[in-house]
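Residue numbers (the numbering used here), protein chains in the order written: chain A, 1 to 308; chain B, 309 to 616.
C-beta: ideal position from N, C-alpha, C; glycine also.
Encoded structure:
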């Protein structure tokens, strides 16, 4: 449905020259007065889908709600400036917490993360209702002098790079989103990157989206994918392999980047980040998602992941 | 709870010199790069509180969700530029509409209103869940060269003015929000206004908030309040008077303005709008909400309205 809806929006929403990057990327880029530009994104988390309020500290829910938005700014290599927060609270709160206490805990979870990235919580809207908790955040970022890092610029031959380790975030990491802001800003400033996004719905699905937006395909070297210890732990209790978890669990909030092969080699030699950066594939002419084995033979890889 | 929470936010959120107007006004004002400024607001509507999805065309729900946000920009005398939209849709849609169709109808309801005010729909986030419909919109506006119209500037002796007619919006007018953007821009540009806001929770409650933010009180002339035909119609079926409906129904989305008495006289003589503009009271030293009768005697008026 998500793809159908994005296509429908692209066909039906009026275009504006002020909208430099529109529907379908991790964030929009809007021309503002005095030649300023605004990178803007909105992301919502809901009880029952993104968290279970009776099983988690509401501070972590607040932290996640903010983290996923900052991760979208990181995906554009934009620097966070401010957010506004809309809370829809269960009228009677949750467990022993009344609605006011619940709202405070959510904000207390957001505040340290906002502070770490110098991001202002500029205001919001707080409502109660008979339903479950919804947190909707809109984040505004300052654009990098090199312009936004979009999904559409990868070229066949480019390397596909990823930060960190993937899979098994459901064991708890999905609450502790580490938006890769500093990493994105540093890489985008120092190296020639062609495209980027964050992994929210699973490596396989998101890599296929990155390739699609760039009108090419991408082939993954499965044996090179950095698998999280959580994916291995999870695989021990599921009927699935750890690589399968790394490919399709999602909520990793790591960066997925396209860079010319020679640039990627330099980045990997430099390893300029405090976290690992790994080459996991190559963009190819043939559209779609592919896997390459150690012998170099290629076959289709299903773009599994979380579909909204 | 809303007031407690706003007080808590003001005490606990870190301050930033970039946040020119913060929590507690109709919108925030954020300093941006190149001396630009952004007026930003977020407002959420929820099924069961703001609308009943089985009793209304979803286009009207979309129109209302956008309208209330544009009305918040009007309250600051800011010009709408762009919005982002977050939808949380019931997984199975509503009635005969599936979730995709429902999302499309909501956007189709927003688009004509956005177009009328030259406002870009810049993107959004669309999710489904097992709960009821939530629409959360964030609107960005350009600040007037005269600066923002805030709640805090009314002075004792100022006149209280209101646009349009009040009360009974529940009969249907609350879906057809007419954000008073053009009216606010024109008045703020042409006359010296001290303060302003929009009426969302009821004249009595909102007038008391305007006075409180300005650290003074306000006395209403009940016989001068422009009563909507809807309030009269509604009063015929309730045990309440039409003036009571005009005072406390809310969702009028009319402008409530403070202007020096002599300026107010000029505005009323000019009647520069296509809609009525009426003087309904006077700001006074003594904090609180008051009513003045035709004999000039003053007594307290309860600040009734919709508490979130």
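Checklist entry - Taking DSSP as the reference, what is the three-state secondary structure of residue 565 of chain B? => result Translated into the one-based positions of the second chain, residue 565 of chain B becomes position 257. In this structure, residue 565 of chain B counts as strand in the three-state DSSP scheme.
Item to check | Nearest to residue 293 of chain A (by Cα), restricted to the options A/222, A/27, A/83 and A/59 | outcome: Within the first chain, numbered from 1, the residue matching residue 293 of chain A stands at position 293. Answer by Cα proximity: A/222.
Checklist entry - Apart from the five residues just before and just after residue 22 of chain A, which ones in its own chain have a Cβ nearer than 7 Å to its Cβ? => result Reading the first chain from its first residue, position 22 is the one you call residue 22 of chain A. 28, listed in sequence order.
Item to check | Per-residue DSSP class, three states only, for residue 12 of chain A | outcome: As a working mapping, residue 12 of chain A is identified with position 12 in the first chain. If DSSP states are grouped into helix, strand and coil, residue 12 of chain A belongs with the helices.
Next on the checklist: For the structure I just gave you, are there three or more beta carbon pairs, one from the region 83–96 of chain A and one from the region 123–140 of chain A, closer than 8 Å?
Outcome noted: yes
Checklist entry - Terminal residues of the continuous beta strand (DSSP E) containing residue 299 of chain A? => result Reading the first chain from its first residue, position 299 is the one you call residue 299 of chain A. First-last of the beta strand (DSSP E) with residue 299 of chain A: 298–300.
Item to check | Chain-order list of residues whose beta-carbon lies under 7 Å from that of residue 81 of chain A (same chain, five-residue window excluded) | outcome: Position 81 of the first chain, counted from the start, is the residue given in the question as residue 81 of chain A. For residue 81 of chain A, where only same-chain residues beyond five positions count, the Cβ hits under 7 Å are 119, 120, 140, 141 and 142.
Next on the checklist: Which runs of the alpha helix (DSSP H) at least 4 residues long sit entirely within the region 168–216 of chain A? Give them in chain order.
Outcome noted: 181–190 and 203–213
Checklist entry - Where do the ends of the beta strand (DSSP E) carrying residue 288 of chain A lie? => result The sequence position of residue 288 of chain A within the first chain is 288, counting from 1. That run of the beta strand (DSSP E) goes 288–292.
Checklist entry - What residue range is occupied by the uninterrupted beta strand (DSSP E) comprising residue 34 of chain A? => result The sequence position of residue 34 of chain A within the first chain is 34, counting from 1. No beta strand (DSSP E) holds residue 34 of chain A; DSSP gives it neither H nor E.
Item to check | CB contact check: residue 42 of chain A to chain B, cutoff 9 Å | outcome: Residue 42 of chain A sits at position 42 when you count from the first residue of the first chain. So, interface residue.
Item to check | Which residues DSSP lists as bridging residue 47 of chain A, in chain order | outcome: Your numbering for residue 47 of chain A matches position 47 in the first chain. For residue 47 of chain A, which the question treats as bridged, DSSP gives the partners A/51.
Checklist entry - Any idea what DSSP makes of residue 56 of chain A, helix, strand or coil? => result Here residue 56 of chain A corresponds to residue number 56 of the first chain, with the count starting at 1. If DSSP states are grouped into helix, strand and coil, residue 56 of chain A belongs with coil.
Checklist entry - Can you tell me whether residue 227 of chain A is buried or exposed, with buried defined as 16 or more other CB within 10 angstroms of its CB? => result The residue you call residue 227 of chain A lines up with position 227 of the first chain. Residue 227 of chain A comes out buried.
Checklist entry - Can a CB atom of chain A be found closer than 9 Å to the CB of residue 485 of chain B? => result The residue given as residue 485 of chain B occupies position 177 in the second chain. For residue 485 of chain B, the answer is no, since every Cβ of chain A falls outside 9 Å of its Cβ.
Next on the checklist: Looking at the strands, I want to know which residues DSSP matches up with residue 390 of chain B.
Outcome noted: Within the second chain, the letter at position 82 stands for residue 390 of chain B. The partner list for residue 390 of chain B (beta bridge, DSSP) reads B/428 and B/448.
Checklist entry - In angstroms, rounded to a whole number, what distance separates the CA positions of residue 598 of chain B and residue 590 of chain B? => result For the purposes of this step, residue 598 of chain B is taken as residue 290 along the second chain, with counting starting at 1. For the purposes of this step, residue 590 of chain B is taken as residue 282 along the second chain, with counting starting at 1. Using only the alpha carbons, I get a separation of about 10 Å.
Item to check | For residue 21 of chain A, the residue or residues it bridges with in DSSP | outcome: Residue numbering aside, residue 21 of chain A sits at position 21 when the first chain is read from its first letter. Answer is A/29.
Next on the checklist: Please report the straight-line C-alpha distance between residue 311 of chain B and residue 502 of chain B, rounded to a whole angstrom.
Outcome noted: In the second chain, counting from the first residue as 1, residue 311 of chain B sits at position 3. In the second chain, counting from the first residue as 1, residue 502 of chain B sits at position 194. Each residue's Cα considered, the two are about 23 Å apart.
Checklist entry - Going by C-alpha distance, which of B/506, B/558, B/399 and B/323 is nearest residue 333 of chain B? => result Here residue 333 of chain B refers to the residue found at position 25 when the second chain is read from its first residue. It is B/506.
Item to check | Members of the region 431–465 of chain B near chain A, C-beta cut-off 8 Å | outcome: 431, 432, 433, 434, 435, 436, 437, 438, 439, 440, 442, 444, 446, 448 and 450
Next on the checklist: So, for residue 256 of chain A: in the same chain, excluding its five sequence neighbours on each side, which residues have a beta-carbon less than 8 Å away from its beta-carbon?
Outcome noted: Indexing the first chain from 1 puts residue 256 of chain A at position 256. Within the same chain, residue 256 of chain A has close Cβ partners 160, 161, 162, 196, 197, 198, 199, 203, 206, 207 and 210.
Next on the checklist: Against chain A, with Cβ distances strictly below 9 Å, would residue 313 of chain B count as a contact?
Outcome noted: Position 5 of the second chain, counting from 1, holds the residue named residue 313 of chain B. Yes, because at least one Cβ of chain A sits closer than 9 Å to the Cβ of residue 313 of chain B.
Checklist entry - For residue 242 of chain A, does the three-state DSSP call read helix, strand or coil? => result Counted from its first residue, the first chain places residue 242 of chain A at position 242. Residue state, collapsed to three classes: helix.
Checklist entry - So is residue 286 of chain A buried or exposed if we call it buried at 16+ other beta carbons inside 10 Å? => result Within the first chain, numbered from 1, the residue matching residue 286 of chain A stands at position 286. Exposed, because fewer than 16 other Cβ atoms sit within 10 Å of the Cβ of residue 286 of chain A.
Item to check | Cross-strand partners of residue 281 of chain A (DSSP beta bridge) | outcome: Your numbering for residue 281 of chain A matches position 281 in the first chain. Note: residue 281 of chain A sits in a beta bridge opposite A/160 and A/220.
Checklist entry - From what residue to what residue does the alpha helix (DSSP H) around residue 540 of chain B run? => result Here residue 540 of chain B is taken as the residue at index 232 of the second chain, counted from 1. 537–543 is the span of the alpha helix (DSSP H), which, as asked, contains residue 540 of chain B.
Next on the checklist: So, under 8 Å CB-CB, residue 154 of chain A and residue 258 of chain A are touching, yes? Tell me the CB distance rounded to an integer number of Å.
Outcome noted: On the first chain, position 154 is the one that residue 154 of chain A refers to. On the first chain, position 258 is the one that residue 258 of chain A refers to. Going by Cβ atoms, the distance from residue 154 of chain A to residue 258 of chain A rounds to 4 Å, so yes, they are a contact pair.
Checklist entry - Shortest alpha-carbon distance to residue 353 of chain B belongs to which of B/364, B/345 and B/369? => result As a first step, residue 353 of chain B is located in the second chain; it is residue number 45 there, counting from the start. Closest option to residue 353 of chain B, Cα to Cα, is B/369.
Item to check | CB contact check: residue 322 of chain B to chain A, cutoff 9 Å | outcome: Against the second chain, residue 322 of chain B aligns to sequence position 14. Judged by the 9 Å Cβ criterion, residue 322 of chain B is in contact with chain A.
Checklist entry - Since residue 171 of chain A and residue 230 of chain A are thought to touch, with beta carbons under 8 Å apart, how far apart are those beta carbons, to the nearest angstrom? => result The residue labelled residue 171 of chain A in the question sits at position 171 within the first chain. The residue labelled residue 230 of chain A in the question sits at position 230 within the first chain. Indeed, because the Cβ distance is near 5 Å, the residues count as touching under 8 Å.
Item to check | Contact set for residue 57 of chain A: own chain, Cβ-Cβ below 8 Å, skip 5 residues either direction | outcome: Against the first chain, residue 57 of chain A aligns to sequence position 57. Hits under 8 Å: 105 and 109.
Next on the checklist: Distance cutoff 9 Å, beta carbons only. Does residue 510 of chain B sit that close to anything in chain A?
Outcome noted: Locating residue 510 of chain B in the second chain gives position 202, where the first residue counts as 1. Closer than 9 Å: no.
Checklist entry - Contact check, residue 495 of chain B vs residue 575 of chain B under 8 Å by CB: the rounded distance? => result Here the question's residue 495 of chain B lines up with position 187 in the second chain. Here the question's residue 575 of chain B lines up with position 267 in the second chain. With a Cβ gap of about 7 Å, residue 495 of chain B and residue 575 of chain B count as contacting.
Next on the checklist: For residue 36 of chain A, would you say it is in contact with chain B, using Cβ-to-Cβ distances shorter than 9 Å as the test?
Outcome noted: If you number the first chain from 1, residue 36 of chain A lands on position 36. It does; some Cβ of chain B falls within 9 Å.
Checklist entry - Applying a beta-carbon distance threshold of less than 7 Å, which residues of chain A neighbour residue 390 of chain B? => result Counted from its first residue, the second chain places residue 390 of chain B at position 82. Ordered by position in chain A, the residues that pass the 7 Å Cβ test against residue 390 of chain B are 30.
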